[in-house]
Amino acid sequence: MGAPSDTIAAIATAWGEAGIAIVRLSGASAAEAAGAVLRFGGGAEFPPPRVMCLASLTDEGGRVIDRVLAVYFRAPRSYTGEDVVEIHTHGGTLAAQLCLESLFRRGVRLADPGEFTKRAFLNGRIDLSQSESVLGIIRSRSAEALRAAARTLSGELSSFAGGIREDLLELQSSLEVGLDFPEEGLPYRSAEDLLGSVSTLKLSLEDLLDRCSVGLLLREGIRVALTGRPNVGKSSLLNALLKQSRAIVTALPGTTRDVIEESITYRGVPIRLVDTAGLRSPADEIEASGIARTRAELKRSDVCLWLLDGSLPLDDEELSYIEQLRDKDHIVVLNKADLTPAVTEDTIRALSPESPVLSLSSKTGSGLDLLKDAILSLTTDSGALDAGLNVTARQLGEVRDALSAIAEAETAIADGLGQDAAASLIAAARLCLERLLGLRCDDALLDSVFSRFCVGK
Ligand SMILES: Nc1nc2c(ncn2[C@@H]2O[C@H](COP(=O)(O)OP(=O)(O)OP(=O)(O)O)[C@@H](O)[C@H]2O)c(=O)[nH]1
Ligand SMILES: [Mg+2]
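Under this note's numbering, the first residue of the sequence shown carries the number 24, and numbering increases by one thereafter.
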C-alpha cells in the first residue's frame, strides 16, 4: 500500500481556553512547511528529530505571532509513519488557528477526521483494530472503557484474534490439501480429530466474543430501562441513583410523559439510565405516545428493570407485564421497601422463578448498591471487566459471524457432511477475522497451502 503524499495538518487539542494548543502536521513536506512558519533561536536550522525546540511562530510578514515549541518525528518513526511535526502554541485556539492558516498558504491541507490514524494504518504502523481502539480511547467515558481501549491499542485484540485466524488458516489449508491432492497420500484428518480442532477454535472464538461484548458495553454503557406501572417510583429511583432531582416526581400516576436519559458510572462502568412513562391504558394522546416510547425502550435496552410498588398487592395486569419480560435481561425491583410490604421477593420468585428480584427504597436509598451490582452481573461475567477489549459494533459483528460459521462447521462435521463443507465454513470464519483485523489478502492462504509441498513439486 503506497503512502498518501500530500501533507495534512490539524489542531490536535480541544477547542477552548487552555494552556497549550497543538498543531500537528503529517506528510512528505511537513518539516519544510513547518520550517517556513517557524524561526529558531540564533537562526538555527530545523531541529533534529525527537528534540523539542523553542521557536517563534511568524506570520507572512515575518511578525512574531507566538513563542512555541516544535518537535519533529522523521518517517517512518512517527505516529503516521510519515514525517510528522507538532507545533505547541499557547492555548486558546487563536495562535493555533493562525499557525494552521499560515501552513495552508504553504500548500498544506486540513486533515480529514481520523486521517492521521488512517495514515498510520495505511503505512502499517497499526492494524485496523488498533486504529479503531484509538477512537475508543478518545470516546471512553469511564475508566474501565479506557483500559479496554488501551488493551486493544497495545495489540491484545490483534494478537488474540490474529492467533485464532492463524489456527483457522492452518486447519483450512490442511483440509484443502487433503481434498485437492488426494493422490499425494497426505494424511486425511479423521472426523474425530477435526471435530476436536474445530471445538477448540469455537471455544476461543466464544472467549473472544465475550471479551469484545464486554468492551463494547464498556464503551457504549449498559442501557437500563426503568419501567413499570404508573406511580411505582421509577422517576424516584432515577433521581436516587443520580443523587439529584432530575425527573419530576409526584403522587399522581402518569407524571412522566417522555423518556429521560441520564448516565452514572459504577465500578468504572457507564450505566445509562432511562426513565419511562408508566404503562397503563393511556388517559390522553400525550400519555399514549409516552407509552409507545416506553415500549420502544423496552426493546432497545440491555437490561429492563420492572419496578413494582412493594406496598401494594399485585394485580393481573402487572403479572401480564412481567410475562413480557421473559426473553429480556431483566430484574424485578420491589420499590418502597420502607413501607409495610404487600408483595415479597418470594411471591415474585414463586410466579417467575427465572427472574432476579430485589427490594429497595428510592426514598431511603436502601438496596441501591445491590441493584447496581445486579445490573453489572447480569451483563458482564465476574472478572470479565478486566479482560474487556475495545471494539466497534462492526468488529463485534465480525466476531459473531466467525463464531456462527465455526458452530456450523462443527455441526457439519458431527453430521458427517464432508470435509469440503467444513473447509468452506472455516474459510468463512477466517475471512470474518481478517475483516476484523483489516487484512484481506488471500495470497496468505495459497502460501500456507503450497508451503506444505516439497520443493520442486
Ligand atoms: N414511601 C416511599 N414512597 C416512594 C418511594 N419511591 C417513590 N415514592 C413515591 O411514590 C410516588 C410516585 O413516584 P414517582 O417516582 O413519580 O413514580 P413513577 O413510577 O415515576 O410514576 P409515573 O411517572 O407516573 O409513571 C411519589 O409520591 C413518590 O414520593 C419509596 O421508595 N418509598
Ligand atoms: Mg415518573
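We put the CB at the ideal spot given by N, CA and C, even for glycine.
Keep in mind that this is a model prediction, so the values were computed, not measured.
(request) Please determine if the stretch 300-319 and the stretch 352-372 are in contact, where contact requires at least 3 C-beta pairs separated by less than 8 Å. (result) no
(request) Please report how far the alpha carbon of LEU180 lies from the alpha carbon of ALA416, in whole angstroms. (result) Looking up residue 180 in the sequence shown gives position 157. Looking up residue 416 in the sequence shown gives position 393. Straight-line Cα distance between these residues: approximately 14 Å.
(request) Consult DSSP for ILE449 and reduce its assignment to one of helix, strand or coil. (result) What you label residue 449 is simply residue 426 of the sequence shown in a count that begins at 1. Three-state result, ILE449: helix.
(request) Return yes when at least one heavy atom of ligand 1 lies under 7 Å from the C-beta of PRO253, else no. (result) Indexing the sequence shown from 1 puts residue 253 at position 230. Yes, the beta carbon of PRO253 sits closer than 7 Å to at least one heavy atom of ligand 1.
(request) Look at the alpha carbon of ASN6 and the alpha carbon of LEU374, and state the distance between them as a whole number of angstroms. (result) Lying before the first or after the last residue shown, residue 6 is absent from the chain, which here runs from 24 to 480.
(message) So, with DSSP's three-state summary, where would you put ARG97?
(response) Residue numbering aside, residue 97 sits at position 74 when the sequence shown is read from its first letter. Coil at ARG97, not helix or strand.
(request) State the Cα-Cα distance for the pair ILE287 and ARG280, rounded to the nearest angstrom. (result) As a first step, residue 287 is located in the sequence shown; it is residue number 264 there, counting from the start. As a first step, residue 280 is located in the sequence shown; it is residue number 257 there, counting from the start. Each residue's Cα considered, the two are about 22 Å apart.
(request) Tell me whether ASP298 counts as near ligand 2, meaning its Cβ is closer than 7 Å to at least one heavy atom of that ligand. (result) On the sequence shown, residue 298 is found 275 positions in, with the first residue counted as 1. Yes, the beta carbon of ASP298 sits closer than 7 Å to at least one heavy atom of ligand 2.
(request) Could you name the residues that DSSP lists as bridge partners for SER289? (result) If you number the sequence shown from 1, residue 289 lands on position 266. Note that residue 289 is Tyr in the sequence shown here, rather than Ser. Partner(s): VAL292.
(message) Would you say the beta carbon of VAL272 is closer than 7 Å to some non-hydrogen atom of ligand 1?
(response) Mapped onto the sequence shown, residue 272 falls at position 249. Under cutoff, so the answer is yes.
(message) On a Cα-Cα basis, can you pick out the residue from GLY439, LEU454, VAL282 that is closest to LEU426?
(response) Taking the sequence shown and counting its residues from 1, one reaches residue 426 at position 403. If we check each option's Cα against that of LEU426, LEU454 comes out closest.
(request) Report, in whole angstroms, the separation of the C-beta atoms of ALA300 and GLU310, which I expect to be a contact under 8 Å. (result) Locating residue 300 in the sequence shown gives position 277, where the first residue counts as 1. Locating residue 310 in the sequence shown gives position 287, where the first residue counts as 1. About 7 Å separates the two Cβ atoms, so the contact holds.
(message) Between GLY104, GLU138, PHE127, which has its C-alpha nearest GLU55's C-alpha?
(response) Numbered from its first residue, the sequence shown carries residue 55 at position 32. GLU55 has its Cα closest to that of PHE127, out of GLY104, GLU138, PHE127.
(message) Here's the rule I'm using: 16 or more other beta-carbon atoms within 10 Å means buried, otherwise exposed. How should CYS477 be labelled?
(response) Here residue 477 corresponds to residue number 454 of the sequence shown, with the count starting at 1. Low local confidence applies: a pLDDT of 25 at CYS477 is under 50, so the model's placement there is unreliable, with the coordinate-based value given in what follows. Classification of CYS477: exposed, given that the 10 Å Cβ count is below 16.
(message) Once the 5 residues before and after LYS351 are set aside, which same chain residues still bring their CB inside 6 Å of it?
(response) Taking the sequence shown and counting its residues from 1, the one referred to as residue 351 is at position 328. Hits under 6 Å: CYS327.
(message) To the nearest angstrom, how far is the alpha carbon of SER400 from that of GLN153?
(response) To locate residue 400, count along the sequence shown from 1; it is residue 377. To locate residue 153, count along the sequence shown from 1; it is residue 130. The straight-line gap from Cα to Cα measures roughly 28 Å.
(request) Leaving out five residues on either side along the sequence, give the residues of the same chain with a beta carbon under 6 Å from the beta carbon of ALA432. (result) As a first step, residue 432 is located in the sequence shown; it is residue number 409 there, counting from the start. Around ALA432: VAL221, ALA445, LEU448, ILE449.
(message) Need the endpoints of the alpha helix (DSSP H) that GLU109 sits in, please.
(response) Walking along the sequence shown from the start, residue 109 turns up at place 86. Taken as a continuous stretch (DSSP letters only), GLU109 belongs to no alpha helix (DSSP H), being part of the beta strand (DSSP E) at 107-113.
(request) Kindly examine ligand 1 and report whether one of its heavy atoms sits closer than 7 Å to the Cβ of PRO276. (result) Counting from one through the sequence shown, the residue named residue 276 turns up at place 253. Under cutoff, so the answer is yes.
(request) Please work out which residues of its chain come closer than 7 Å, Cβ to Cβ, to ALA41, disregarding the five sequence neighbours upstream and downstream, and give them in chain order. (result) Stepping through the sequence shown from its first residue, residue 41 is reached at position 18. Here the set comprises GLY114.
(request) Return helix, strand or coil for ILE271, following the three-state DSSP convention. (result) Along the sequence shown, read from residue 1 onward, the residue named residue 271 stands at position 248. In this structure, ILE271 counts as coil in the three-state DSSP scheme.
(request) Look up SER385 in the DSSP assignment and say whether it is helix, strand or coil. (result) Residue numbering aside, residue 385 sits at position 362 when the sequence shown is read from its first letter. Correct three-state label for SER385: coil.
(message) Can you look up LEU412 in the DSSP assignment and give me helix, strand or coil?
(response) Here residue 412 corresponds to residue number 389 of the sequence shown, with the count starting at 1. LEU412: coil per DSSP, three-state reduction.
(request) Indicate, with yes or no, if ligand 1 has a heavy atom lying under 7 Å from the CB of LYS257. (result) Reading the sequence shown from its first residue, position 234 is the one you call residue 257. Yes, the beta carbon of LYS257 sits closer than 7 Å to at least one heavy atom of ligand 1.
(message) Under 7 Å: does the beta carbon of THR279 sit that close to some heavy atom of ligand 2?
(response) Numbered from its first residue, the sequence shown carries residue 279 at position 256. Within the cutoff, so yes.
(message) Let me confirm a value: GLN442 is counted as buried when at least 16 other C-beta atoms fall within 10 Å, else exposed. Which label applies?
(response) Residue numbering aside, residue 442 sits at position 419 when the sequence shown is read from its first letter. Flag for GLN442 reads buried.
(message) Give me the residue from LEU123, CYS76, LEU117, GLU68 with the minimum Cα distance to ALA32.
(response) Along the sequence shown, one-based indexing puts residue 32 at 9. When only C-alpha atoms are compared, the closest one is LEU123.
(request) Just tell me which of ALA44, GLY39, SER324 has its CA closest to the CA of ASP89. (result) On the sequence shown, residue 89 is found 66 positions in, with the first residue counted as 1. Of the listed residues, the one whose Cα sits closest to ASP89 is ALA44.
(request) Measure the CB-CB distance between ASP150 and LEU460 and report whether it falls below 8 Å. (result) Position 127 of the sequence shown, counted from the start, is the residue given in the question as residue 150. Position 437 of the sequence shown, counted from the start, is the residue given in the question as residue 460. Their beta carbons are under 8 Å apart, which means ASP150 touches LEU460 by this criterion.
(message) Less than 8 Å between the beta carbons of VAL255 and ASP332, yes or no?
(response) In the sequence shown, counting from the first residue as 1, residue 255 sits at position 232. In the sequence shown, counting from the first residue as 1, residue 332 sits at position 309. It is a contact, given that the beta carbons lie within the stated cut-off.
(message) Excluding the 5 residues flanking LYS257 on each side, which residues of the same chain have their C-beta closer than 6 Å to its C-beta?
(response) Working through the sequence shown from its first residue, we reach residue 257 at position 234. The residues are LEU249, GLY251, ASP298, LEU330.
(request) List the residues that DSSP assigns as beta-bridge partners of ILE283. (result) Here residue 283 corresponds to residue number 260 of the sequence shown, with the count starting at 1. Paired residues: ASP298.
(request) Report yes if the CB atom of VAL131 is closer than 8 Å to the CB atom of THR30, and no otherwise. (result) For this step, residue 131 is matched to residue 108 along the sequence shown. For this step, residue 30 is matched to residue 7 along the sequence shown. Yes, Cβ-Cβ distance for VAL131 and THR30 is below 8 Å.
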